[in-house]
Amino acid sequence: MHHIDQLFASMSAVTAVSDNQWKVTHPGLPDDWGQGRTAFGGISAAMVHYALSMIVAQDRVLRTFHTNFVGPVVFDEPFEIVIEQLRSGRNMSQYLVKLNQAGKVSVCVQACYGIELTSKLHINKLPSHQFEPPDKATLMGTDADKLPRFFHHYDLAMLEGQRPFTGSAHCHYLGWMRNHAPVEQFGLTHLIALIDAWPPALVQQLGAPAPMSTVSWDLEFVNPLIPVAGNPWFAYEVNTRFAANGYAQTEAKIWDEQERLVALSRQAVVVFD
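Using our numbering, you'd call the opening residue of the sequence shown number 7 and step up by one each time.
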């Protein structure tokens, strides 16, 4: 088993390609972070964010992170991450990032960073939650061998919903999530990977496993994440808003242990059932 921080530590130093472009390389992701024939999407997106964190100014806070999964990320094969700064103004910076493997684009990310501003506006209609405290990881159960390999890196405590591929009428999940192994300093890169650990909520309606893939993934970060040591729990709620003709749209909310809403997530999923 490869700890998530080992994967980040294997990334090369940043190389400047031009005034507004940088490149980093990685020797490849191991099979135990697999999801079918490709690497787990959450870890691929997290690798891109980690590369961005190496060049973005510290006064800039990640506001939006839009990911398109273009093609598979093959195991144990090197890849490069190319960062292009589209624009950096007084308040905001925009980046386009591509994870390339074997000469092809596998993941494409557009990220927006912005400084904190002084404003007279103050509106807070963010939803709260009344979830029971996490007890144990109930989603994986005894048949974890039927779930993607990367699941072994996470603990998911399901409060509502049913296990994947059980023919359930449910199309939502409520629960808690955390890394299985503690990290030295839990930050935004870890959270991006963690948010994607839950299966698409609609898969519980299927009676048997079927191929599926996330096409695009939008993250909006609300309250700034408070970096902590160890292994914090995060509350998670996801609902399927629409599914037809092999495609589905889901929306999710993520809270930290202080019950602050820290992120909003939307995914477009294709299902070959």
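We put the CB at the ideal spot given by N, CA and C, even for glycine.
Would you give the residue range spanned by the beta strand (DSSP E) that residue i belongs to?
i, result
"THR246", "240 to 250"
"ASP224", "218 to 227"
"VAL277", "267 to 277"
"ALA48", "Looking at the sequence provided, one finds Gly at residue 48 rather than Ala. Note, GLY48: premise wrong, no beta strand (DSSP E); alpha helix (DSSP H) at 47 to 59."
"ASN106", "98 to 107"
Helix, strand or coil: which one does DSSP assign to residue i?
i, result
"GLN210", "helix"
"MET183", "strand"
"GLY40", "strand"
"PHE14", "helix"
"PHE81", "coil"
"ALA22", "strand"
"ARG69", "strand"
"PHE293", "In the structure as shown, the chain begins at 7 and stops at 279. Residue 293 is therefore absent and cannot be evaluated."
"MET7", "coil"
"SER134", "coil"
If we ignore side chains and look at the alpha-carbon of each, how far apart do residue i and residue j end up?
i, j, result
"LEU13", "GLY34", "9 Å"
"VAL113", "LYS29", "15 Å"
"ALA63", "ALA15", "20 Å"
"ALA51", "VAL79", "11 Å"
"PRO217", "ARG43", "11 Å"
"TRP39", "ASP11", "13 Å"
"ILE284", "LEU123", "The question about residue 284 has no answer here: the residues shown for the chain are numbered 7 through 279."
"ILE49", "GLY252", "25 Å"
"GLY173", "LEU212", "5 Å"
"PHE85", "GLY236", "29 Å"
Could you name the residues of the same chain whose beta carbon sits closer than 6 Å to that of residue i, not counting the 5 residues immediately before and after it, in chain order?
i, result
"MET98", "GLY120"
"GLN273", "THR220, TRP223, THR256"
"ALA22", "TRP28"
Taking the alpha helix (DSSP H) that residue i belongs to, which residues open and close that run?
i, result
"ILE201", "194 to 201"
Please work out which residues of its chain come closer than 7 Å, Cβ to Cβ, to residue i, disregarding the five sequence neighbours upstream and downstream, and give them in chain order.
i, result
"ILE61", "VAL20, TRP28, ILE89"
Quick one: what's got a C-beta closer than 8 Å to residue i's C-beta in the same chain, skipping five residues either side?
i, result
"GLU190", "ASP11, ALA235"
Stretch pair the stretch 174 to 188 + the stretch 198 to 215: three plus CB contacts closer than 8 Å: Judged by Cβ distances under 8 Å, the stretch 174 to 188 makes contact with the stretch 198 to 215, as three or more pairs qualify.
At least 3 beta-carbon pairs within less than 8 Å: the stretch 257 to 266 vs the stretch 239 to 249: Yes, the stretch 257 to 266 touches the stretch 239 to 249.
The stretch 188 to 199 contacting the stretch 218 to 234, beta-carbon criterion three pairs below 8 Å: Using a C-beta cut-off of 8 Å, the stretch 188 to 199 makes contact with the stretch 218 to 234, since at least three inter-stretch Cβ pairs fall below that distance.
Segment contact, 8 Å Cβ cut-off, at least three pairs: the stretch 104 to 118 with the stretch 127 to 146: The stretch 104 to 118, when compared against the stretch 127 to 146, does not touch it at the 8 Å Cβ threshold.
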